[in-house]
Structures are given as C-alpha cells and as structure tokens.
Amino acid sequence: MPLIEVSSTPVVLRLNRDLVRLIKRGNPWVYADALRELPRAPAGTPAVLLDNRKGQAVARGFYDPRCPVALRICETDPELKLDDRWAERRLRGALDLRRGFSCDGPTNGFRLLNGEGDSVPGVVADVYSDTAVVKLDGEGPAGFWKIDELAEWLAREQNLPRIYERQKERGAAGRPLVGTTPAEPVSFREHGLEFTADVVRGQKTGFFLDQRDNRQLIRAWSRDATVLNVFSYTGGFSIAAGAGGATQVTSVDVAPAAIEAANTHWRLNGFPADQHTGVAADAFEFLAQASSEKRRWQLVVLDPPSFAPNRESVPKAKSAYQNVIEAGARVTARQGLLAVASCSSHIDLPMFLECCEEGISRARRRGTVINVGGQPTDHPTPLALPEFRYLKFVLLRLD
Ligand code: SAH
C-alpha cells in the first residue's frame, strides 16, 4: 500500500510571479495569491508547479485550494516523481537525523518527524518510549499522506507497538492507528528524568518536547535556588530545576490537570514532596498577588502560550509579552534569573528581545542576557523557512 496519494494525475499550477529562486533555495510554501489560477481539486492532490515565464516545471508537491498555503512543495527536482520511493527516502532521512535518540536511551521522548523541516510536509510524529503520536497539519496533508500506511511503516521501522493519531483541532477526538488507544499517560524519559505524556488528552501531542534543551539550561542554573515556573503545564521546567538542585519549586498553570501531573512528575523523580508547590491559578493574577505580597524567587521561568496566532495580532501580542515579562521581573530576586519563552512565529527574536527590554525596564530592573535558546535538534527546520523557527528562549540576570 502506498504511503502517499499517487492515484490521481497531478494538477498543474502556474506561478504568477517569479518565486523560482526562493523555491529552489528551499522555501516549501507557495501561497494561493502567488498562483495564476486555483483549479478545483480535492485537498492533497499531487501537483506540478510551472514558472511564470516559459511555463517550465520547477517543483512538485501537493495542493489544497482552500488553504492560504495552497501548495506545499515536496521536491524541487521536477523530474523526480512523487511516489513511494520518494516518500521512503524522505522518511529514512528523518530517521537518520534522530540517530542520537533511542527508545532505551536517557531521552526516549523525541520528535521523529518535523514536517517541512524533514521534507515530509505537514506530518509531525512524536515518540514517547514505545508509543508514537502522529499529527497532520490540515486537510492538504491529510489528503496527500496515507496516514494508516505511514503508521504501519513507522511501527515496522522503529519497532513501535503503538501509534496514535491526534487531530490538528484542539479537543477533536483522535484514534489508534497501530495497537490500542493508551489507557493511561505514557511514561518516557528526558535526560534521565521521568515524565508521562497524556497522548490522548494532553496539549500538543502530550508534552512540549521543543523545550528540552532549555529545560537542561534551567537545570544547570537551579542549584540552591528558589524557582517559580509560570505556565508550567505538567512541570517540565520544575522537574529540571528539582534535578538541578533547586531548594523550593512552585509551578503555576491555569489547568488543574496539568498541575496534578506536575505533582505526579515531582514524586515520580523521587524529590521531597515538601519542596514542590503546585498552584492551579491564572498566571497574571498569581503574579500580581505575589508581587503585592513582596514574594521573590531566585529563578523565574515564564513560558506562556502563543499570544500571536496570526500577523494581525502582533501588536496586541507584544504588549501581552511586555506585561507578563514585567510581572515576572517584579517577583525576581535581586541578582536573580528570569527566563522567558515565546512560541509565536510571528514575533521574531529582535522583537522578543525588545519586549524583554520594555517589560524589564517597566519593572525598574535591568537585564543581562546569559543565553538565547531555541528548538532542539529533533526539530529541524528548512533554512529558507524562518516561520518554522518559532521558539525563542532568553535567560537573563536582573540587577
Ligand atoms: N513550560 C511548559 C509548557 C507551557 S505551555 C513545558 O515545558 O512543558 C503553556 C501553558 O500555559 C499551558 O499549560 C496552559 O494551560 C497555560 N496557560 C494558558 N493561559 C494561562 C493563564 N492565563 N494562566 C496560567 N496558565 C495558563
């Protein structure tokens, strides 16, 4: 059975402007407004792209006329047909990049497929020990990739007894593709620390694997520190801080289930129960109250959800980041550390550093940048697609 849709004849698309150089450099997204026509075709139909001059073929990919990114490019050599050999070559390339990870290693929770970054547009797969979670980014990828066959292939190649599919829409029901639906959160390790991922109900695919390197950074800077982890989810940064020798850790998240999991993870790693406090509360209210009570922590981590889901929301998002950073700075001890993250692709690093500067100065503090981090090695991105490098993580010391 094929891994991709190969039965229909490719639809022919034509550029209305000269984007050939950009495409040949590896930008895999062609927006609808760059195409001369938008022929009717089912989402995920294979496509050949012609240039705007002589009508020469420049790339192959798949098409979704209803998506702003109407064409996702799979191959910039138009001579190469999109078939099973093509798909297997791309998939093997992705597995090869994950040589450093293994199911019995100290880090067995990792991203196996990162969509465009692995030249498998629109497919994400995260591995948690013996279970993988697959997610397709919309109807185009869902029409192009044969998800059941892809899951069978991954199960065979990676020896995975269980593969579960999550939907792109939050709250939509998933389904088992290989094996059964996990009845409980799946146990896995990150740098030797024990975690669980609720792959059925949790956020993303169950865990924020993209913060792994930044959690290691926090681990290295936590010795003897009191730590406040705001927007903690299931306590990733809290457990890292505990492992690094933090004396007291507080996790704050609005979701009670996340706080419950953070408490479980703390226990699971054998840390003393009285050194962790989980608080299910709104972050802004918690920070305002803590500040009015003059509470201070030596290390504060802020990892809010994306405030800018699209370009239009950037101005509002900038002010939201400034506010949360100001609130975080107000509860950071003198000579303490403040770590802030942004997962919004529409806020770039210079913009985010400006937000840090503004928020910190409003709290009447000054910052020294110690480190700027991003996504770990299992989240590769096309060089020519900056939108894919969404994660920014800044560690500062505050005077
Ligand atoms: N740092 C985490 C990931 C954080 S994701 C990790 O490493 O795993 C962002 C989290 O913010 C989510 O868990 C979400 O529940 C929480 N959140 C969203 N809005 C919030 C609010 N107003 N107050 C507190 N938490 C909030």
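FYI, the numbering for the sequence shown is 482 to 880, going by the numbering used here. For every residue, glycine included, the Cβ atom is placed at its ideal position computed from N, Cα and C.
query	result
Cβ shell of Ile554 (< 6 angstroms), same chain only, five flanking positions each side left out	Pro509, Ala540, Gly542
Cβ-Cβ distance between Val711 and Leu819 below 8 angstroms	no
Host beta strand (DSSP E) of Trp885 (start-end)	Residue numbering for the chain in the displayed model covers 482 to 880; residue 885 lies beyond these limits and cannot be assessed.
Selected residue, minimal CA-CA separation from Glu675, among Ser703, Asp629, Ala742	Ala742
Proximity of Ala722 and Ile740 at Cβ, strictly below 8 angstroms	no
Nearest to Val821 (by Cα), restricted to the options Phe833, Ala814, Asp564, Ala654	Phe833
Leu879 versus Gly596: straight-line alpha-carbon distance, rounded	38 angstroms
With 16 other Cβ atoms within 10 Å as the buried cut-off, status of Leu503	exposed
Euclidean distance between Cα positions of Val605 and Val681	15 angstroms
C-beta atoms of Val614 and Leu572 nearer than 8 angstroms	no
The stretch 575-593 / the stretch 645-659 touching (three or more Cβ pairs under 8 angstroms)	no
Three-state class that DSSP yields for His827 in the structure shown	coil
Rounded straight-line distance, which links the Cα of Gly726 to that of Phe752	10 angstroms
Any non-hydrogen atom of the ligand SAH within 7 angstroms of Thr715 CB	yes
Simplified DSSP assignment, three categories, for Asp607	strand
Whole-angstrom C-beta distance between Tyr802 and Gly854, which should lie under 8 angstroms	Between Tyr802 and Gly854 the Cβ distance is about 17 angstroms, and since that is not below 8 angstroms, they are no contact.
Check: Pro785 C-beta below 7 angstroms from any heavy atom of the ligand SAH	yes
Cβ contact (3+ pairs, closer than 8 angstroms) linking the stretch 489-503 and the stretch 515-535	yes
C-beta neighbour in chain B for Gly598, strict 8 angstroms	In the structure shown, chain B does not exist; there is a single protein chain.
Closest by C-alpha distance to Asp691, when choosing among Thr526, Leu872, Ser787	Leu872
Beta-carbon proximity check, Trp778 vs Thr707, cutoff 8 angstroms	yes
Beta strand (DSSP E) segment containing Lys685, residue limits	Counting along the chain, Lys685 falls outside any beta strand (DSSP E), and DSSP gives it neither H nor E.
Integer Cβ distance of Pro483 from Lys685, believed to fall under 8 angstroms	About 28 angstroms; that fails the 8 angstroms criterion.
For Lys578, the first and last residue of its enclosing alpha helix (DSSP H)	In the sequence under discussion, the amino acid at residue 578 is Leu, which differs from the Lys named in the question. Looking at the DSSP string, the run of the alpha helix (DSSP H) that includes Leu578 is 565-578.
Cβ neighbours of Pro587 in the same chain (closer than 7 angstroms, five flanking residues each side left out)	Arg670, His672, Gly673
First through last residue of the beta strand (DSSP E) which encompasses Asn533	Where Asn533 is concerned, there is no enclosing beta strand (DSSP E), given that its DSSP letter is neither H nor E.
Validate contact between the stretch 854-863 and the stretch 758-769 using beta carbons, cut 8 angstroms, 3 pairs	no
Classification of Arg647 by the beta-carbon crowding that lies within 10 angstroms, buried from 16 upward	buried
Proximity to Thr490 [Cα-Cα], best of Asp611, Val733, Pro796, Lys562	Lys562
Asp859 CB to nearest heavy atom of the ligand SAH below 7 angstroms	no
Distance between beta carbons of Pro663 and Thr677, contact taken as under 8 angstroms	10 angstroms between Cβ atoms; not a contact.
Same chain only: Cβ atoms within 6 angstroms of Asn744, ignoring 5 sequence neighbours per side	Gly759
Length at least 4, wholly inside the stretch 660-731: the alpha helix (DSSP H) runs in chain order	693-701, 717-724
Contact belief for Gly717 with Arg696 at Cβ below 8 angstroms, rounded distance in angstroms	5 angstroms
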